[in-house]
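Numbering (this note's numbering), first residue to last: 27 to 308.
Remarks on the structure that follows.
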Amino acid sequence: MSKGKSVLLWVIAVIFTMCFVIYQRYTGPTYPVTGHLQYSNSEVKYKLLRTSDAAGDQEVKIKAPNTAIKGKFESKRFKKGDTWAKGADTLSIVEMKRVGDELIGLVPHQDPAGKIFYKVNLYTDADPKGIYVKEDPTIIRYKGPVPLWVLLPHIIFIFGAFLFSTRTGLNAIYKGKNTFAYAIVTVICLTLAGGILGPIMQKYAFGAYWTGWPFGHDLTDNKTAVALLFWVIAIYKLWKNKENRKWAIIASIVLIAVYLVPHSVLGSELDYTKTVVKAVGK
27 MSKGKSVLLW VIAVIFTMCF VIYQRYTGPT YPVTGHLQYS NSEVKYKLLR TSDAAGDQEV
87 KIKAPNTAIK GKFESKRFKK GDTWAKGADT LSIVEMKRVG DELIGLVPHQ DPAGKIFYKV
147 NLYTDADPKG IYVKEDPTII RYKGPVPLWV LLPHIIFIFG AFLFSTRTGL NAIYKGKNTF
207 AYAIVTVICL TLAGGILGPI MQKYAFGAYW TGWPFGHDLT DNKTAVALLF WVIAIYKLWK
267 NKENRKWAII ASIVLIAVYL VPHSVLGSEL DYTKTVVKAV GK
């Protein structure tokens, strides 16, 4: 493979990786719901949080400069299988506090992996029924704070794994040199990100190192394990025969499929009936 083609493949791998960084950033159940609407002849802006590591109740702020606008914060605990209309927990309705241009509601604090349904109802004296900022309830999940010394290396290695996985796959397709070396770097990054730092993050956030198979159904843990398994097989095949590139291509495709699943889908959920964390994801 020429040097020019090698550089081009690196550029493609970097661009592809950056696209997935953006995709992961803006998808998944932890990204806040933001938007704006018109009510009472005024623009209202909202940011509905879906994850919190606050030590106490989490504030939810609605920017409503028109002081005639008031708000009610409706919430209840989320239990698996519940809907807003039907569930074991009773609905709490609390008047939101106005501070300047903002209406502030409080999400009751929960233990790690505890979830809360909530909705924001805006109203005025002239329109007591009002409108909801968002018709469907928002679900927020509490977690423990994760220190930066764990979080930052995890992010670096997880996207490093994707970068080298993509580059390895391209190298295998175009029959370039160093496919085995790139595969080794991929496995090292993936092991550090998902096999070591991932469980440490899980412990800080939800109190358990591993909640994937065979102990639970954590999708993040399970998909990382599947990707790592395919890459270990690819390394073994390349070690036996450097020309056997098929498994490197397969493993890189598997990792892409893994990254297409938004992060934190099927998150860890506190089972309030047992007061323990029921591991159904992260």
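Ideal Cβ placement from N, Cα and C applies to all residues, glycine included.
Here the structure is a predicted model, which is why all the values come from computation and not from measurement.
Residues near Thr-192 in its chain [Cβ-Cβ closer than 7 Å; skip 5 each side]:
As a first step, residue 192 must be located in the sequence shown, where it is residue number 166. Ala-39, Phe-42, Thr-43 and Ser-278.
Simplified DSSP assignment, three categories, for Arg-76:
Position 50 of the sequence shown, counted from the first residue, corresponds to residue 76. Taken through DSSP and simplified to helix, strand or coil, Arg-76 comes out as coil.
Segment contact flag, the region 264-274 with the region 201-220, C-beta cutoff 8 Å, min 3 pairs
Inter-segment contact for the region 264-274 and the region 201-220 is present: three or more beta-carbon pairs are separated by less than 8 Å.
With DSSP as the reference, identify every bridge partner of Ile-119, one or two as the case may be.
Reading the sequence shown from its first residue, position 93 is the one you call residue 119. DSSP links Ile-119 through a beta bridge to Glu-100.
Integer-rounded CB distance, given that Leu-75 should sit under 8 Å from Ile-142:
On the sequence shown, residue 142 is found 116 positions in, with the first residue counted as 1. On the sequence shown, residue 75 is found 49 positions in, with the first residue counted as 1. About 10 Å separates the two Cβ atoms, so there is no contact after all.
Using three-state DSSP, classify His-135 as helix, strand or coil.
As a first step, residue 135 must be located in the sequence shown, where it is residue number 109. Coil.
What is the rounded straight-line gap between the Cα of Arg-103 and the Cα of Val-280?
Counting from 1 along the sequence shown, the entry for residue 103 is found at position 77. Counting from 1 along the sequence shown, the entry for residue 280 is found at position 254. Cα-Cα distance, rounded: 36 Å.
Under the three-state DSSP convention, the category Val-159 falls into
Here residue 159 corresponds to residue number 133 of the sequence shown, with the count starting at 1. Here Val-159 carries a coil assignment [DSSP, helix/strand/coil].
Paired residues, beta bridge with Ile-165 - DSSP
Working through the sequence shown from its first residue, we reach residue 165 at position 139. Answer is Phe-143, bridged to Ile-165.
Apart from the five residues just before and just after Thr-217, which ones in its own chain have a Cβ nearer than 7 Å to its Cβ?
For the purposes of this step, residue 217 is identified with residue 191 of the sequence shown, where counting begins at 1. So the qualifying residues of the chain are Leu-254.
Cut-off 7 Å between Cβ atoms - residues of its own chain near Phe-46, not counting five sequence neighbours on either side
The residue you call residue 46 lines up with position 20 of the sequence shown. Leaving aside the five residues that flank Phe-46 on each side, the residues in its chain whose CB is nearer than 7 Å to its CB run, in chain order, Phe-188 and Tyr-285.
If you run the structure through DSSP and keep just helix, strand and coil, what is Tyr-65?
If you number the sequence shown from 1, residue 65 lands on position 39. Strand at Tyr-65.
Helix or strand or just coil, what does DSSP make of Ile-95?
Locating residue 95 in the sequence shown gives position 69, counting from the first residue. Per DSSP, reduced to three states, the secondary structure at Ile-95 is coil, with no helix or strand assignment.
Just the Cα atoms here: how many angstroms apart are Leu-63 and Val-159?
Residue 63 sits at position 37 when you count from the first residue of the sequence shown. Residue 159 sits at position 133 when you count from the first residue of the sequence shown. Annotation: Leu-63 to Val-159 spans about 8 Å, alpha carbon to alpha carbon.
Just reading off the alpha helix (DSSP H) that Val-213 is part of, what are its end residues?
Locating residue 213 in the sequence shown gives position 187, where the first residue counts as 1. DSSP places Val-213 inside the alpha helix (DSSP H), whose first and last residues are 205-216.
Continuous beta strand (DSSP E) stretch holding Lys-89: start and end:
Looking up residue 89 in the sequence shown gives position 63. Membership of Lys-89 in the beta strand (DSSP E) is indicated by the continuous run 84-89.
Comparing alpha-carbon positions, which option in Val-125, Arg-124, Pro-134 and Asp-79 lies nearest Leu-117?
Residue mapping note: residue 117 aligns to position 91 of the sequence shown, counting from 1. Distances from the alpha-carbon of Leu-117 to those of Val-125, Arg-124, Pro-134 and Asp-79 put Pro-134 closest.
Buried or exposed: where does Phe-190 fall if 16 or more other Cβ atoms within 10 Å of its Cβ makes it buried?
Locating residue 190 in the sequence shown gives position 164, counting from the first residue. Phe-190 comes out buried.
So, with DSSP's three-state summary, where would you put Thr-60?
Counted from its first residue, the sequence shown places residue 60 at position 34. Thr-60: strand per DSSP, three-state reduction.
In the DSSP assignment, the alpha helix (DSSP H) including Tyr-285 goes from what residue to what residue?
Residue 285 sits at position 259 when you count from the first residue of the sequence shown. From DSSP, the alpha helix (DSSP H) with Tyr-285 extends over 272-286.
Integer-rounded CB distance, given that Val-70 should sit under 8 Å from Leu-148
Reading the sequence shown from its first residue, position 122 is the one you call residue 148. Reading the sequence shown from its first residue, position 44 is the one you call residue 70. Indeed they touch by this definition, with Cβ atoms about 7 Å apart.
Under a Cβ-count criterion, where at least 16 other Cβ atoms within 10 Å of its own Cβ denotes burial, should Asn-197 be classed as buried or exposed?
Residue 197 sits at position 171 when you count from the first residue of the sequence shown. Under this definition Asn-197 is a buried residue.
Hey, would you say Gly-224 sits closer than 9 Å to Thr-250, going by beta carbons?
Your numbering for residue 224 matches position 198 in the sequence shown. Your numbering for residue 250 matches position 224 in the sequence shown. Yes, the pair counts as a contact, with Cβ atoms nearer than the cut-off.
Whole angstroms is fine: what's the gap from Tyr-72's alpha carbon to His-180's?
Within the sequence shown, the letter at position 46 stands for residue 72. Within the sequence shown, the letter at position 154 stands for residue 180. Taking the straight line from one Cα to the other gives about 31 Å.
Quick one: what does DSSP say Val-176 is sitting in, helix, strand or coil?
Position 150 of the sequence shown, counted from the first residue, corresponds to residue 176. Looking at Val-176 - three-state DSSP - the assignment turns out to be helix.
For Phe-256 and Thr-53, the rounded distance between their alpha carbons:
By 1-based counting over the sequence shown, the position of residue 53 is 27. By 1-based counting over the sequence shown, the position of residue 256 is 230. So the two alpha carbons sit approximately 25 Å from each other.
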